[in-house]
Amino acid sequence: MKNPKLSMFLIFLLTILALSGCSSSSVKTDEIVEDGLNINSISIGLGGSEEDEGITVVTYHFNLWNRTNKSIILKTVEPIISNEIQERLIDRDIRLDINKKVDGDTSEELTGTFKLDTRGLDKEGIINLNINVNKFNIAFEQVIGMNEVNN
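If you read the sequence shown in this note's numbering, its first letter stands for residue 52, the second for the next number, and so on.
(1) Rounded to whole angstroms, how far is the Cβ of Asn188 from the Cβ of Glu129, which I believe are closer than 8 Å?
(2) Cβ atoms of Asn117 and Thr162: under 7 Å apart, would you say?
(3) What first and last residue would you give for the alpha helix (DSSP H) that runs through Asn134?
(4) When you compare each of Glu104, Leu125, Lys121, Glu101 to Asn114 by their alpha carbons, which one comes out closest?
(5) Considering only their Cβ atoms, is the gap separating Val184 from Ile106 smaller than 7 Å?
(6) What are the boundary residues of the alpha helix (DSSP H) that Ile177 is part of?
(7) Which residue from Leu167, Ala190, Ile177 puts its Cα closest to that of Asp103?
(8) Measure how close the beta-carbons of Phe165 and Ile145 come, nearest whole angstrom, since I'm counting them as under 8 Å.
(9) Between which residues of its own chain and Arg47 is the CB-CB distance below 6 Å, once the five residues before and five after are set aside?
(10) Taking Cβ positions, are Gly155 and Asn120 nearer each other than 7 Å?
(11) To the nearest angstrom, report how far apart Glu160 and His112 are at their CA atoms.
(12) My understanding is that Ile123 touches Val153, with C-beta atoms under 8 Å, so please give their C-beta distance in whole angstroms.
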């Protein structure tokens, strides 16, 4: 290159690009640890009530995985449902009281039900309600102590 200013500029630009590439790749994806509580799978079922024809029973089943290395006490689980579905609830308290220990790196199968007032709806109308249970409010306790250091 005949122009030294252009050469210096290109070297400076390449150095900046190289340094910015190094800083962005310094966080490796295999170092990111996803822990906490995760839901592996969810299934729901709809059924009629033996007590009343205008009631639909929604049953949900999911697997809660404690991916931490510490035990927790699972206190309560409550499905998050749409406002339209909430308005149709027979009983507003749909929270499950669990109070069960879940060890670290294990899972717990949980099942719950709630009833909806579906009077006046046929099968297609019930399906069109789009009853979806895929998120939950989960309350838990975890005992945390100071880390002990071996000398």
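For every residue, glycine included, the Cβ atom is placed at its ideal position computed from N, Cα and C.
Taking the structure as given:
(1) Position 137 of the sequence shown, counted from the first residue, corresponds to residue 188. Position 78 of the sequence shown, counted from the first residue, corresponds to residue 129. Rounded, the Cβ-Cβ distance is 5 Å, consistent with contact.
(2) Locating residue 162 in the sequence shown gives position 111, where the first residue counts as 1. Locating residue 117 in the sequence shown gives position 66, where the first residue counts as 1. Cβ atoms of Thr162 and Asn117: not closer than 7 Å.
(3) Counting from 1 along the sequence shown, the entry for residue 134 is found at position 83. Segment 134 to 138, the alpha helix (DSSP H) holding Asn134.
(4) For the purposes of this step, residue 114 is taken as residue 63 along the sequence shown, with counting starting at 1. Per the Cα distances, Leu125.
(5) As a position in the sequence shown, residue 106 is number 55, starting the count at 1. As a position in the sequence shown, residue 184 is number 133, starting the count at 1. It is not a contact, given that the beta carbons lie outside the stated cut-off.
(6) Within the sequence shown, numbered from 1, the residue matching residue 177 stands at position 126. Note, Ile177: alpha helix (DSSP H), 174 to 178.
(7) Translated into the one-based positions of the sequence shown, residue 103 becomes position 52. Selected option, being the one with the closest Cα: Leu167.
(8) Translated into the one-based positions of the sequence shown, residue 165 becomes position 114. Translated into the one-based positions of the sequence shown, residue 145 becomes position 94. With 8 Å as the limit, Phe165 and Ile145 qualify as a contact, their Cβ atoms being about 4 Å apart.
(9) This structure cannot speak to residue 47, because the chain is shown only from 52 to 202.
(10) Here residue 155 refers to the residue found at position 104 of the sequence shown. Here residue 120 refers to the residue found at position 69 of the sequence shown. For Gly155 and Asn120, yes; Cβs fall inside 7 Å.
(11) Taking the sequence shown and counting its residues from 1, one reaches residue 160 at position 109. Taking the sequence shown and counting its residues from 1, one reaches residue 112 at position 61. Distance between the alpha carbons of Glu160 and His112: 7 Å.
(12) Locating residue 123 in the sequence shown gives position 72, where the first residue counts as 1. Locating residue 153 in the sequence shown gives position 102, where the first residue counts as 1. The Cβ separation is near 5 Å, so the contact holds.
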